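This report concerns only the one structure given below.
2 protein chains.
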Amino acid sequence: MSVTAAKGFTAAGIAAGIKENGNPDLALVVNTGPRRAAAGVFTSNRVKAAPVLWSEQVLKDGRLSAVVLNSGGANACTGPKGFQDTHATAEKAADVLGVGAIEVAVCSTGLIGVLLPMDKLLPGVEKAAGSLSEHGGEKAAIAIKTTDTVHKTSVVTKDGWTVGGMAKGAGMLAPGLATMLVVLTTDADLDSDALDKALRAATRTTFDRVDSDGCMSTNDTVLLLASGSAGVTPQYEEFAEAVRQVCDDLGQQLIRDAEGASKDIKVEVINAATEDDAVEVGRSIARNNLLKCAIHGEDPNWGRVLSAIGTTAAAFEPDRLNVAINGVWVCKNGGVGEDRDKVDMRFREVHIVADLAAGAETATIWTNDLTADYVHENSAYSS
Amino acid sequence: MSVTAAKGFTAAGIAAGIKENGNPDLALVVNTGPRRAAAGVFTSNRVKAAPVLWSEQVLKDGRLSAVVLNSGGANACTGPKGFQDTHATAEKAADVLGVGAIEVAVCSTGLIGVLLPMDKLLPGVEKAAGSLSEHGGEKAAIAIKTTDTVHKTSVVTKDGWTVGGMAKGAGMLAPGLATMLVVLTTDADLDSDALDKALRAATRTTFDRVDSDGCMSTNDTVLLLASGSAGVTPQYEEFAEAVRQVCDDLGQQLIRDAEGASKDIKVEVINAATEDDAVEVGRSIARNNLLKCAIHGEDPNWGRVLSAIGTTAAAFEPDRLNVAINGVWVCKNGGVGEDRDKVDMRFREVHIVADLAAGAETATIWTNDLTADYVHENSAYSS
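Chain order of the listed sequences is F and B.
Letter by letter, the first sequence follows residues 260 to 642 of our numbering.
Letter by letter, the second sequence follows residues 260 to 642 of our numbering.
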């Protein structure tokens, strides 16, 4: 399944020895179909990892034959040598697959500021190419894990065509994407313009609204490859909706596996004057450390929601704000509302609704609670 | 000392019963000097507590005779009743002191969204007025503590005149101020315009650059009162510098007592194109949860510094960035620099220098690490 659910794709996931513990750390996804159309969305962080700089470049002609992904090292902040390493990785994959290097995207994830062990990575590419399979999607999804506790895949099948994908990401989830690496594939027959449009529309309301810890990665990459193998060209709207569904599903899986989290928090902003206002308020709530601690403590501390809303430039009047936590309107008209003891917070999912009473627009941001486990996991990561 | 170090002030701190544990929770500061000049700086949060709305109003004529401060309840998000309670508090103080209510500022700190127990607060104001003393500054500083582990005071004495003050604040420290309540006093003979100018200049580079956890309070207030009792009018520059020193000292005390923190982090941004760029980059670094966790783990993870810089709009080229941690330039020209194992992080203070190589401006932001203790303290606060 995963990236090989759609026809016209093979994939592999192997252990190249990049990770010292011997776990799988190299994935290869190859488009074997008649089409090689592709689109990509990348981190908006201005400090971009070498593989991001490379992949942005090679995607300019809307064509990809393969994607090499490694865990065990981000190849970010590694200077000219890091970029040469990415280039060499693409060249190696191009050689063994018989394609051009500019048809090969590269994705990396792991610690920043460390050069990749090319003596292991390059033989790994050859090894991965040797184990490519139409059933390799699952292994590829496993090989891109870092601190992920589970691998993430999703598939939507429509009338004769399919969109599938894999994702990794557990820390640094944030707007403008996350350290998420995502590869989506489809056997629908579409050109790169249609892919690009559908992918941007989908990420804008899914991955871009997953904000686990407010920290934007140097390596975020979401790729969509089309093989045309199904011989079907779906209506754009139907295709875009299938891409959105897969992105939404994968985004939810990222949130549920976020580092150290014990709660998944859905922040729904309603009655905003504009969608931008709704997103700004949602992010401000989602990034408030004090609120995230309160949710961890199962404390429906709505005052921290209001204080987060108050830091934004969105249109609202303080004395018209309403806040519900798990269905109980604990804040009405900017003041005390229903009894906060009625709020049941025992379950993993917490639903916060912030009513700005300023219009008709809405947006939903997903985040996690802030826990001692998050601190522990991220205190020790590079040690 | 504290607010009574300057001549022409009395103060008191008592237990009014607002806090259920019986600790001191009400402070009163009274200007007895010939002058009653005053200035104030307040939270830029748009959700403002009732005492902030009140105090902003009464300060419009640049004149204050007294300040009532309570801990044990923020009186924020409490609607019209909350504002009436603040008004009644000022009226009560005005009555017992024989001044007008519009000469009385009110400050509150504690949980948001809960009405104050006025049946305890109003008798408390009377009790505090009965124990006013020229030596009451210390007790006043103790009575405004919430989760503070120590009370904070500072005094600068110059040639015949003095600036002194007290502060509370340990959580919610952030830009646009913090939940910090600060009262400064001086016996220098200055009008409210000079006070206002000196106070704004001082807070801009001190309290405004203390950003413990990125969360802006609904209640932040910094007041400066002048009694004129010294009969001396200092040069403005000298006075402004004394105010800055007291603010700087109190700001440092806030950082050192931040909730759950084990490290005080000085983020110094150098060679920025503009001071605004330097502040934006400093804040972005100071608010990066992943970096704050790494510092907690004594891990000189400079990649997280770069990834935080990359989210800003400041002028810089990624491949010209340099980062030092505790004096070791671990990142040079956007890549790996000196050996990170040389970085000694055993001590409480950590010094991060981010060199943008884009100009000549600089700014320093102070923050803390992110710890399991922070999570624990803020998970349980309102329970």
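Every residue, glycine too, gets a C-beta built ideally from N, C-alpha and C.
Just so it is clear, the structure is predicted and the values come from calculations on it, not from any experiment.
Taking the straight line between their C-alpha atoms, what separation do you get for residue i and residue j?
{"i": "residue 295/F", "j": "residue 266/F", "result": "13 Å"}
{"i": "residue 391/F", "j": "residue 290/F", "result": "11 Å"}
{"i": "residue 593/F", "j": "residue 416/F", "result": "46 Å"}
{"i": "residue 481/F", "j": "residue 541/B", "result": "30 Å"}
{"i": "residue 323/B", "j": "residue 454/B", "result": "12 Å"}
{"i": "residue 398/B", "j": "residue 286/B", "result": "8 Å"}
{"i": "residue 275/B", "j": "residue 352/B", "result": "14 Å"}
{"i": "residue 618/B", "j": "residue 456/B", "result": "28 Å"}
{"i": "residue 374/F", "j": "residue 307/F", "result": "15 Å"}
{"i": "residue 630/B", "j": "residue 563/F", "result": "20 Å"}
{"i": "residue 362/B", "j": "residue 302/B", "result": "20 Å"}
{"i": "residue 434/F", "j": "residue 475/F", "result": "For residue 434/F, the predicted structure reports a pLDDT of 47, less than 50, and the residue's modelled location is therefore unreliable. The matter cannot be settled from this model."}
{"i": "residue 319/B", "j": "residue 595/F", "result": "29 Å"}
{"i": "residue 345/B", "j": "residue 625/B", "result": "33 Å"}
{"i": "residue 469/F", "j": "residue 589/F", "result": "25 Å"}
{"i": "residue 317/B", "j": "residue 369/F", "result": "55 Å"}
{"i": "residue 499/F", "j": "residue 637/F", "result": "36 Å"}
{"i": "residue 529/B", "j": "residue 623/B", "result": "9 Å"}
{"i": "residue 356/F", "j": "residue 602/B", "result": "45 Å"}
{"i": "residue 354/B", "j": "residue 639/B", "result": "39 Å"}
{"i": "residue 591/B", "j": "residue 579/B", "result": "7 Å"}
Please tell me whether residue i and residue j are closer than 9 Å, where the distance is taken between their beta carbons.
{"i": "residue 608/F", "j": "residue 544/F", "result": "no"}
{"i": "residue 587/F", "j": "residue 425/F", "result": "no"}
{"i": "residue 582/B", "j": "residue 538/B", "result": "no"}
{"i": "residue 321/B", "j": "residue 451/B", "result": "yes"}
{"i": "residue 509/F", "j": "residue 485/F", "result": "no"}
{"i": "residue 427/B", "j": "residue 403/B", "result": "yes"}
{"i": "residue 472/B", "j": "residue 518/B", "result": "yes"}
{"i": "residue 531/B", "j": "residue 487/B", "result": "no"}
{"i": "residue 371/B", "j": "residue 560/F", "result": "yes"}
{"i": "residue 567/F", "j": "residue 536/F", "result": "no"}
{"i": "residue 465/F", "j": "residue 503/F", "result": "yes"}
{"i": "residue 527/B", "j": "residue 620/B", "result": "no"}
{"i": "residue 300/B", "j": "residue 328/B", "result": "no"}
Evaluate residue i with the Cβ neighbour count: other Cβ atoms within 10 Å of its Cβ, from every protein chain shown; 16 or more gives buried, anything less gives exposed.
{"i": "residue 272/B", "result": "buried"}
{"i": "residue 548/F", "result": "buried"}
{"i": "residue 409/F", "result": "exposed"}
{"i": "residue 496/B", "result": "exposed"}
{"i": "residue 605/B", "result": "exposed"}
{"i": "residue 555/F", "result": "buried"}
{"i": "residue 400/F", "result": "buried"}
{"i": "residue 280/B", "result": "exposed"}
{"i": "residue 395/F", "result": "buried"}
{"i": "residue 467/B", "result": "buried"}
{"i": "residue 558/F", "result": "buried"}
Put residue i into one of helix, strand or coil per three-state DSSP.
{"i": "residue 561/B", "result": "helix"}
{"i": "residue 392/B", "result": "strand"}
{"i": "residue 383/B", "result": "helix"}
{"i": "residue 451/B", "result": "helix"}
{"i": "residue 307/B", "result": "coil"}
{"i": "residue 477/B", "result": "coil"}
{"i": "residue 466/B", "result": "helix"}
{"i": "residue 420/B", "result": "coil"}
{"i": "residue 269/F", "result": "strand"}
{"i": "residue 445/B", "result": "strand"}
{"i": "residue 359/F", "result": "coil"}
{"i": "residue 401/B", "result": "helix"}
{"i": "residue 301/B", "result": "strand"}
{"i": "residue 261/F", "result": "helix"}
{"i": "residue 599/B", "result": "helix"}
{"i": "residue 605/F", "result": "coil"}
{"i": "residue 292/F", "result": "coil"}
Under 9 Å (Cβ pairs) to chain F, residues found in the stretch 297 to 323 of chain B = 302, 303, 304, 305, 306, 307
Of the residues that make up the stretch 323 to 344 of chain F, which ones have a beta carbon closer than 9 Å to any beta carbon in chain B?
-> 333, 335, 336, 337, 338, 339, 340, 341
For the stretch 470 to 489 of chain B, which residues have a beta carbon sitting closer than 8 Å to at least one beta carbon of chain F?
-> 472, 473, 474, 475, 476, 477
Short-range partners of chain B found in the stretch 593 to 607 of chain F, where Cβ spacing is below 8 Å = 593, 594, 595
If you measure beta-carbon to beta-carbon, which residues of the stretch 611 to 634 of chain F are closer than 8 Å to chain B?
-> 629, 630, 631, 633, 634
Interface positions of the stretch 541 to 557 of chain B facing chain F (Cβ-Cβ less than 7 Å), listed along the chain = 547, 548, 549, 552, 553, 555, 556
Would you list, in chain order, the members of the stretch 356 to 368 of chain F that have their beta-carbon closer than 7 Å to a beta-carbon of chain B?
-> none
Quick one, which residues of the stretch 404 to 415 of chain F are near chain B if we go by CB-CB under 7 Å, in chain order?
-> none
Check each residue of the stretch 519 to 541 of chain B: if its Cβ is closer than 8 Å to any Cβ of chain F, include it; give the result in chain order.
-> none
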